[in-house]
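A.B. asks: Top line first, the protein sequences correspond to chains A and B.
When you line the first sequence up against this note's numbering, it's residues 35 to 424, in that order.
When you line the second sequence up against this note's numbering, it's residues 22 to 467, in that order.
Yeah, the Cβ is synthetic: ideal placement off N, Cα and C, and Gly gets one too.
Please read all numbers here as calculations on a predicted model, not as lab measurements.
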Amino acid sequence: MNRLSPEPMATLRAAADDPVAYSQTWKATHEGSVIGSFPMNFPSELVHAAGALPVLIQESRAPITEGRNLLAEFYCGYTRSVADQAALGQLDVFDAIVAADHCVQLLGAVDVIRWARPEKPVHFAQLTSAMDDAWTRPRVAGRIGEIVAEIETALGVSITADALSTSIRTFNANRRLLREFFELRRSGRLRITASDMQVLVKSSMVMDVAEHTAVLERLLDEIDPAEDGGLDAVKLYLSGHFCHAPRPELLDVIEATGVTVVDDDLYTGYRYISTDVPEDGDPFEALSSWYLERNLNAPCPTRVTTQVDWDRYLVDQIARSNANGVIVLMAKFCEPHMLYYPELRKALESNKIPSLLIETEHEGNPVETLRTRVETFVERIRRQHVPALS
Amino acid sequence: MTVAQPRKDKTRRLSSTKVGGKLVADYWENIFTAKERGKHVVWYNGAALNPLFQAAGLEWCHGEAFAARLAAQHLEVPAQAAGAEYGYIGELCSYARTHLGCAVLTHQNSNRSETGVVGLTDQQELAGKLPAPDFFVNGYAGCSTGQQWDAMTYRVFDRALPLFNVSIPMLWGNKPDAGYMRGEEWVEVSKYVEGQLRELIDFLEYQTGRPFDWDALSESMSYIKRASELRLEGMELCRQAPTPATYWDWVASIAPINFLPGNQDLVDYFAGVKAEIEQRITDGVSAVENERYRVYFDGIMNWNKLGFLTRKFAEYDVAVVAGRYTHESFWQEPQLIDVDNPLLGMAQHYLLCPLNHGLKNLQELLLRRLDEYAIDGIAFHSTRTCRAMTNPQSMLARTAETERGVKSFFFEGDVADASFYNDELFDSRLEAMLEAIDVQRMRSAV
Numbered sequence: 035m036n037r038l039s040p041e042p043m044a045t046l047r048a049a050a051d052d053p054v055a056y057s058q059t060w061k062a063t064h065e066g067s068v069i070g071s072f073p074m075n076f077p078s079e080l081v082h083a084a085g086a087l088p089v090l091i092q093e094s095r096a097p098i099t100e101g102r103n104l105l106a107e108f109y110c111g112y113t114r115s116v117a118d119q120a121a122l123g124q125l126d127v128f129d130a131i132v133a134a135d136h137c138v139q140l141l142g143a144v145d146v147i148r149w150a151r152p153e154k155p156v157h158f159a160q161l162t163s164a165m166d167d168a169w170t171r172p173r174v175a176g177r178i179g180e181i182v183a184e185i186e187t188a189l190g191v192s193i194t195a196d197a198l199s200t201s202i203r204t205f206n207a208n209r210r211l212l213r214e215f216f217e218l219r220r221s222g223r224l225r226i227t228a229s230d231m232q233v234l235v236k237s238s239m240v241m242d243v244a245e246h247t248a249v250l251e252r253l254l255d256e257i258d259p260a261e262d263g264g265l266d267a268v269k270l271y272l273s274g275h276f277c278h279a280p281r282p283e284l285l286d287v288i289e290a291t292g293v294t295v296v297d298d299d300l301y302t303g304y305r306y307i308s309t310d311v312p313e314d315g316d317p318f319e320a321l322s323s324w325y326l327e328r329n330l331n332a333p334c335p336t337r338v339t340t341q342v343d344w345d346r347y348l349v350d351q352i353a354r355s356n357a358n359g360v361i362v363l364m365a366k367f368c369e370p371h372m373l374y375y376p377e378l379r380k381a382l383e384s385n386k387i388p389s390l391l392i393e394t395e396h397e398g399n400p401v402e403t404l405r406t407r408v409e410t411f412v413e414r415i416r417r418q419h420v421p422a423l424s
Numbered sequence: 022m023t024v025a026q027p028r029k030d031k032t033r034r035l036s037s038t039k040v041g042g043k044l045v046a047d048y049w050e051n052i053f054t055a056k057e058r059g060k061h062v063v064w065y066n067g068a069a070l071n072p073l074f075q076a077a078g079l080e081w082c083h084g085e086a087f088a089a090r091l092a093a094q095h096l097e098v099p100a101q102a103a104g105a106e107y108g109y110i111g112e113l114c115s116y117a118r119t120h121l122g123c124a125v126l127t128h129q130n131s132n133r134s135e136t137g138v139v140g141l142t143d144q145q146e147l148a149g150k151l152p153a154p155d156f157f158v159n160g161y162a163g164c165s166t167g168q169q170w171d172a173m174t175y176r177v178f179d180r181a182l183p184l185f186n187v188s189i190p191m192l193w194g195n196k197p198d199a200g201y202m203r204g205e206e207w208v209e210v211s212k213y214v215e216g217q218l219r220e221l222i223d224f225l226e227y228q229t230g231r232p233f234d235w236d237a238l239s240e241s242m243s244y245i246k247r248a249s250e251l252r253l254e255g256m257e258l259c260r261q262a263p264t265p266a267t268y269w270d271w272v273a274s275i276a277p278i279n280f281l282p283g284n285q286d287l288v289d290y291f292a293g294v295k296a297e298i299e300q301r302i303t304d305g306v307s308a309v310e311n312e313r314y315r316v317y318f319d320g321i322m323n324w325n326k327l328g329f330l331t332r333k334f335a336e337y338d339v340a341v342v343a344g345r346y347t348h349e350s351f352w353q354e355p356q357l358i359d360v361d362n363p364l365l366g367m368a369q370h371y372l373l374c375p376l377n378h379g380l381k382n383l384q385e386l387l388l389r390r391l392d393e394y395a396i397d398g399i400a401f402h403s404t405r406t407c408r409a410m411t412n413p414q415s416m417l418a419r420t421a422e423t424e425r426g427v428k429s430f431f432f433e434g435d436v437a438d439a440s441f442y443n444d445e446l447f448d449s450r451l452e453a454m455l456e457a458i459d460v461q462r463m464r465s466a467v
């Protein structure tokens, strides 16, 4: 059976588990700058084109301490963790910090950074979330121009069109490779656990893109095209969980019930790498196109549109992956997800797709309770939807 | 060092605000019959876009306003139950899930009637009385949930009705020259939003099939501008101690200034409020019997507990004299409105929503109010499902303490969900703050 090779995976896992340590090492070895950014729509290509390392700031696994005094407890685990990391000085490795998504909780955390580290350049380039209007594209282009100017000022460099075109091609190549892994998993030719898939994607948010691509190529080289992945009978789709990664132990509990996760629309999953930046034309304009197109490719409830629907997309993707059911992972207090969830439920029920909603938290996830719920869910699928497998 | 113990009702609410209550009740009763009268109905959320709807000859339903009304009347449960049954989780903005619950009920009711007229049986419950919309307009500043909300209302109504979005950028303060109503960022986004209002007017013309009445807009904005001036003059009179009116009186005046039609009735209402305040000053009548502490309220209103909190603070000899929700909102900069060409000033007010500022602006505004109203302490309403209003509160508390030595306390509650309020915690924390203020006073007296 095909499995991912352990040694390259260890390299990726180290970066995914400790982005700050990776950034510190990169700075020391490259004598370069590192710019931190936030999910879910920041175009990292701009930072790369400036010669710096773009790092999407991740949720820390550490319990929240100082941040508890700066952001209320009814914020999502990611934003509370960001506030905590800022208060503890763990974000000091970043030479500047840029946000592009208007999430009210995220901006609360970003304001904590401005409070805790007033000397740190922090910029918010608000990418318009209403996607259908004629004035959205020029507005987005203007904000991308702002990001360019801020990065140039912070780093004392110029971002040229040529450099940006090169960065776009480099990131597209990386995304294409990651999508190969999704296709291998979807087709059953390679068994990739959900937590390993998270490592593949999450590490790409942190690592030098060329280094990351090289590791992905090693992994692909070691896959035997003649073998399959030896998938379990019940196939599941994972949906949701924006901005940050669900805890690997939760994903492991799900698959320990004897199921295979065959696809997802998680942010630290397919959503992140769904769309390439156009390689023709003006590269700055291409980033605006990318922003608008990725919501068409993988609709997101944080964007307002009447052109596409996440629920319809989800139903289509579940069918495409031949999954028998879906587990919706919702980060507790994530408001766009809470807003959209009833529409998902309606669509899944009307298409007779079994679903299970699991809320996740920064700390204190009830793993054993979760195991029982997932086991029951899987048993229901076995009995009702794939009787031949039971 | 003493702390007053809770005792009798020591509030003296303005009687003139009852007129506003009648105006608001009449407004909603009128809305409920919009379909019978053959009117086009717009559902909207966020900014006070109603003068545009008024000039377009529409009837308008402000979602948050209706959710607030339900909560203030303790009638929110049927809507929230309908929302919960539909699938909305209890940690979601309670304004949104109350209003979306109303949407579910209205959609169910209107599906039973081809005319969209709500049946008599269903009118037993206020939550189900909103007339079905013809289209939606969203213009939400500061809160991403608010921006996403009407995309969901659109889906509750089967994706069948038009939706127009006004995108209002945050006043985040990226540029060094950024501040409250100043700097390059302020000028740029003002024009950007004004441009979208022109697009909205085109949309309204298309939806109604009628040319937009610019004269009607100027007329209604002239009334709103005058009403706003009177409101601010009344607020300014409350800088004196003891205050002749409280934050709670201004809360009672939110609905009129936020969404009632711009007309002479609106001006008369605020003239009446101001006149009563002036009369109180003449007569030496204070809004709270034995005012000993002057407190600023930061946070969105807890509509379920409006009367309760009014009495509660007064029992401790606390006059809540000003607040972010009342004083930094609702046409609060009337000098920006050019009645002959009102769109820019309207856009600027939409930007000045108290949810729409970065920390720097909010610090500036808070310190200004602390000075203007001689504030002794701050009550931070840590609003469980309103992250937009709660966002910077911890840092604002530290700013107030550091810059002005002003004490504060936090209490948990919510805009429209009573279950998040904890009375025991409220009492102990308020008492602790008042004790700290007493200690400060004793020390300064030595």
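May I have the straight-line CA-CA distance separating A:V342 from A:R213, to the nearest angstrom?
C.D. replies: Using only the alpha carbons, I get a separation of about 22 Å.
A.B. asks: Counting only beta-carbon atoms, is B:A409 nearer than 7 Å to chain A?
C.D. replies: Yes, B:A409 counts as interfacial toward chain A.
A.B. asks: What are the residues in the segment 423 to 456 of chain B lying within 8 Å of chain A by C-beta distance?
C.D. replies: Here the close residues number zero.
A.B. asks: On the three-state DSSP scale, how would you describe A:T194?
C.D. replies: Of the three classes helix, strand and coil, the one that applies to A:T194 here is coil, per DSSP.
A.B. asks: Can you tell which of B:Y213, B:T423 and B:R450 has the C-alpha that lies nearest to the C-alpha of B:F430?
C.D. replies: Comparing Cα-Cα distances from B:F430 to each of B:Y213, B:T423 and B:R450, the minimum goes to B:R450.
A.B. asks: Taking the alpha helix (DSSP H) that B:I302 falls in, what are its first and last residues?
C.D. replies: Taken as a continuous stretch (DSSP letters only), the alpha helix (DSSP H) holding B:I302 covers Q285 to D304.
A.B. asks: Roughly how many angstroms separate the alpha carbons of B:G140 and B:G59, rounded to a whole number?
C.D. replies: Confidence at B:G140 is low in this model, with a pLDDT of 46, below 50, so the placement of that residue is unreliable and no value is reported for it.
A.B. asks: Going straight from the alpha carbon of B:M173 to that of A:A83, what length do you get?
C.D. replies: One C-alpha to the other measures close to 38 Å.
A.B. asks: Are any of the Cβ atoms in chain B nearer than 7 Å to that of A:V81?
C.D. replies: A:V81 does not count as touching chain B.
A.B. asks: For A:V132, which beta-bridge partners are listed by DSSP?
C.D. replies: A:V132 pairs with A:S71 and A:H157.
A.B. asks: Comparing the C-beta of A:M372 with each C-beta of chain C, is any distance below 7 Å?
C.D. replies: In the structure shown, chain C does not exist; the protein chains are A and B.
A.B. asks: Quick one: using the 10 Å Cβ neighbour count with 16 as the cut-off for buried, is B:V460 buried or exposed?
C.D. replies: B:V460 comes out exposed.
A.B. asks: Taking Cβ-Cβ distances shorter than 7 Å, what residues in chain B pair up with A:P335?
C.D. replies: Going along chain B in sequence order, the residues near A:P335 (Cβ under 7 Å) are Q169.
A.B. asks: With a threshold of 7 Å between beta carbons, is B:Y107 in contact with chain A?
C.D. replies: Interface residue, yes.
A.B. asks: Nearest chain B C-beta to A:Y375 closer than 7 Å, yes or no?
C.D. replies: Yes, contact with chain B.
A.B. asks: Rounded to whole angstroms, what's the CA-CA distance from A:S78 to A:M239? Just pull it up for me.
C.D. replies: Taking the straight line joining both Cα atoms gives about 9 Å.
A.B. asks: Which of the three DSSP states, helix, strand or coil, is assigned to A:L300?
C.D. replies: Residue state, collapsed to three classes: coil.
A.B. asks: Against chain A, with Cβ distances strictly below 7 Å, would B:E112 count as a contact?
C.D. replies: Yes, its Cβ sits closer than 7 Å to a Cβ of chain A.
A.B. asks: Leaving aside the five residues before and after B:S241 along the sequence, list all residues of the same chain whose C-beta is less than 6 Å from its C-beta, in chain order.
C.D. replies: Contacts found: P72, Q75 and G283.
A.B. asks: Between the segment 320 to 335 of chain B and chain A, which residues of the former have a C-beta closer than 7 Å to a C-beta of the latter?
C.D. replies: Within the segment 320 to 335 of chain B, no residue has a Cβ that lies closer than 7 Å to any Cβ of chain A.
A.B. asks: How big is the Cα-Cα spacing for B:F87 and A:A150?
C.D. replies: Taking the straight line joining both Cα atoms gives about 39 Å.
A.B. asks: Is it right to say A:R210 is buried, meaning 16 or more other beta carbons lie within 10 angstroms of its own, or is it exposed?
C.D. replies: With fewer than 16 Cβ atoms within 10 Å of its Cβ, A:R210 is classed as exposed.
A.B. asks: Evaluate contact between the segment 376 to 392 of chain B and the segment 292 to 308 of chain B, counting only Cβ atoms and requiring at least three cross-stretch pairs below 8 Å.
C.D. replies: In short, these stretches do not touch, since the Cβ pair count stays below three.
A.B. asks: Measure from the alpha carbon of A:T194 to the alpha carbon of each residue in A:P317, A:F72, A:P259 and A:H157, then state which is nearest.
C.D. replies: Selected option, being the one with the closest Cα: A:P317.
A.B. asks: Verify the CB distance criterion: does B:T174 have a CB-CB separation below 7 Å to chain A?
C.D. replies: False, the Cβ-Cβ gap to chain A never drops below 7 Å.
A.B. asks: I'd like the span of the beta strand (DSSP E) that includes B:R315, first residue to last.
C.D. replies: Looking at the DSSP string, the run of the beta strand (DSSP E) that includes B:R315 is Y314 to D319.
A.B. asks: I want to see whether chain A comes within less than 7 Å of B:T166, judged by CB atoms only; does it?
C.D. replies: So, interface residue.
A.B. asks: Name the chain A residues whose beta carbon is nearer than 7 Å to that of B:L357?
C.D. replies: Ordered by position in chain A, no residue passes the 7 Å Cβ test against B:L357, which lies about 22 Å from the chain.
A.B. asks: In chain order, what residues of the same chain lie with their CB nearer than 7 Å to the CB of B:S205, ignoring the 5 residues before and after it?
C.D. replies: Checking the sequence, you will find Glu at residue 205 of chain B rather than Ser. Same-chain partners within the cutoff: K196 and D198.
A.B. asks: Please compile the residues from chain B whose C-beta is within a distance smaller than 9 Å of the C-beta of A:Y347.
C.D. replies: Here the premise fails: no neighbours, minimum Cβ distance about 14 Å.
A.B. asks: Beta-carbon of B:S403 versus every beta-carbon of chain A: anything under 7 Å?
C.D. replies: Cβ-Cβ to chain A under 7 Å: yes for B:S403.
A.B. asks: With H, G and I counted as helix, E and B as strand and the rest as coil, what does DSSP make of B:G84?
C.D. replies: Residue state, collapsed to three classes: helix.
A.B. asks: I'd like to confirm something about B:F334: is its beta-carbon nearer than 6 Å to some heavy atom of the ligand HEM, or not?
C.D. replies: No copy of the ligand HEM appears in this structure; indeed no ligand is present at all.
A.B. asks: The beta strand (DSSP E) spanning A:P15 covers which residue range?
C.D. replies: Given that chain A is displayed from residue 35 to residue 424, the structure contains no residue 15 of chain A and the question cannot be resolved.
A.B. asks: What residues in the segment 208 to 221 of chain B have a beta carbon less than 8 Å from any beta carbon of chain A?
C.D. replies: Listed in sequence order: Y213, G216, Q217 and E220.
A.B. asks: Out of curiosity, what's the CA-to-CA distance linking B:T136 and B:L151?
C.D. replies: Low confidence applies to B:T136: its pLDDT is 44, below 50, so where it sits in the model is not reliable, and the reading given next is rough at best. Going from the Cα of B:T136 to the Cα of B:L151 covers about 14 Å.
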